[in-house]
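Peer 1: Please see the structure below; I have some questions.
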Amino acid sequence: MSNTGMLKSSLAKKYFMALTGLFLCLFLVGHLLGNLQLFVGGEEGRLAFNNYAKFMTSNPLIKVMSYITYASILFHVIDGFVLTIQNKKARPVKYVVEKGNRNSSWGSRNMALLGTILLVFISTHMMNFWWKMHFGDMPIYKGVKDLHTITTNFFNPNENVMAGGAMALYVFAMISMSIHLSHGFQSAFQSLGISHPKYSPTIKMIGTAFSILIPAAFASIPVFLYITQA
Ligand code: HEM
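Per the working numbering, the sequence shown runs over residues 450 to 679.
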């Protein structure tokens with residue numbers, strides 16, 4: 450491919466990376482809001498979470514959103530790997546300045562590593578909850594699949610010997626997600642060509658807040674479930 454062809458295709462990949470990344474940020478907000486119901490205790494919390502899970506797996510519109518989410522994860526991962534390889538090939542010898550931290554943050558230089566950690570996390574996470582909910586042998590409570598018990602037991606040291614490890618894995622994954630988002634969020638806007646001296650500082654500020662608050666709120670769920678059930 451000619452240099453301009455290569456540049457065009459890598460710009461298209463960056464564009465796609467940005468669109469799928471921002472869609473996944475929206476998914477995170479929705480997923481977090483649903484999961485925050487796990488803070489509600491007792492019978493009320495159990496019924497609310499199970500009915501929510503039933504709605505999320507049966508509503509046709511939500512199903513379409515789920516398929517878009519799976520596709521976005523897949524394309525974001527593939528596109529990310531291809532871009533990383535392309536960048537490495539285009540620049541086989543690291544610039545001296547790139548090795549330091551004067552021009553770029555550690556996160557921005559390690560997006561592929563952080564993304565790989567998240568991919569491993571999402572794969573194990575989906576095997577533990579999503580696979581069980583869709584294809585596994587689920588307990589039934591009051592006529593509805595009891596995803597609440599599956600989820601809370603997973604982080605309950607009296608039910609799962611690996612609960613402590615699971616909690617630690619979730620916290621580690623959320624720290625990785627925070628660093629990934631702290632660069633990814635604002636970088637997505639740049640890739641889409643939304644860069645302006647007036648708006649960019651605000652985008653950066655929203656990105657920083659998003660990359661701290663969302664992972665922290667996610668991480669607080671397994672920590673809460675572990676501590677309150679120990
Ligand atoms: C830390 C707290 C979290 C809890 C308690 C949690 C819980 C769950 C549960 C119970 C499901 C199954 C729902 C279903 O299939 O109906 C699920 C699905 C899923 N989770 Fe999480 N989750 C958490 C964090 C995350 C994070 C941080 C990500 C992404 C980085 C994520 C990605 C997903 C995906 C992609 C699905 C499949 C969604 C779908 O089928 O539409 N989860 N989660």
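From the three backbone atoms N, C-alpha and C, an ideal C-beta is built for every residue, glycine too.
Is the beta carbon of phenylalanine 570 less than 7 Å from the beta carbon of leucine 674?
Peer 2: Along the sequence shown, read from residue 1 onward, the residue named residue 570 stands at position 121. Along the sequence shown, read from residue 1 onward, the residue named residue 674 stands at position 225. Contact flag unset, no.
Peer 1: Over what stretch of residues does the alpha helix (DSSP H) that includes valine 489 continue unbroken?
Peer 2: Mapped onto the sequence shown, residue 489 falls at position 40. Neither: valine 489 is in no alpha helix (DSSP H) and is coded neither H nor E.
Peer 1: Measure the alpha-carbon distance for leucine 481 versus valine 620 and round it to whole angstroms.
Peer 2: Within the sequence shown, residue 481 is the residue found at index 32, counting from 1. Within the sequence shown, residue 620 is the residue found at index 171, counting from 1. In a straight line, the C-alpha of leucine 481 is about 15 Å away from that of valine 620.
Peer 1: I think phenylalanine 476 touches glutamine 486, with their Cβ atoms under 8 Å apart; what is that distance to the nearest whole Å?
Peer 2: Here the question's residue 476 lines up with position 27 in the sequence shown. Here the question's residue 486 lines up with position 37 in the sequence shown. That pair is no contact at about 17 Å.
Peer 1: Leaving out five residues on either side along the sequence, give the residues of the same chain with a beta carbon under 6 Å from the beta carbon of isoleucine 566.
Peer 2: Translated into the one-based positions of the sequence shown, residue 566 becomes position 117. Taken in chain order, the residues that qualify are Ser625.
Peer 1: Applying the criterion that 16 or more other CB atoms from any shown protein chain within 10 Å of the CB defines a buried residue, is aspartate 528 buried or exposed?
Peer 2: Walking along the sequence shown from the start, residue 528 turns up at place 79. Looking at its Cβ environment, which holds 16 or more other Cβ atoms inside 10 Å, aspartate 528 is buried.
Peer 1: With DSSP as the reference, label tyrosine 516 as helix, strand or coil.
Peer 2: Taking the first residue of the sequence shown as 1, we reach residue 516 at position 67. DSSP places tyrosine 516 in helix when its eight states are reduced to three.
Peer 1: Taking isoleucine 670 as the reference, which of Ser458, Asn484, Asn602 and Lys462 has the closest Cα?
Peer 2: Here residue 670 is taken as the residue at index 221 of the sequence shown, counted from 1. Closest by alpha carbon: Asn484.
Peer 1: Does the contact criterion of 3 or more C-beta pairs under 8 Å hold for the region 553-565 versus the region 463-477?
Peer 2: Flag = no, the region 553-565 and the region 463-477 do not touch.
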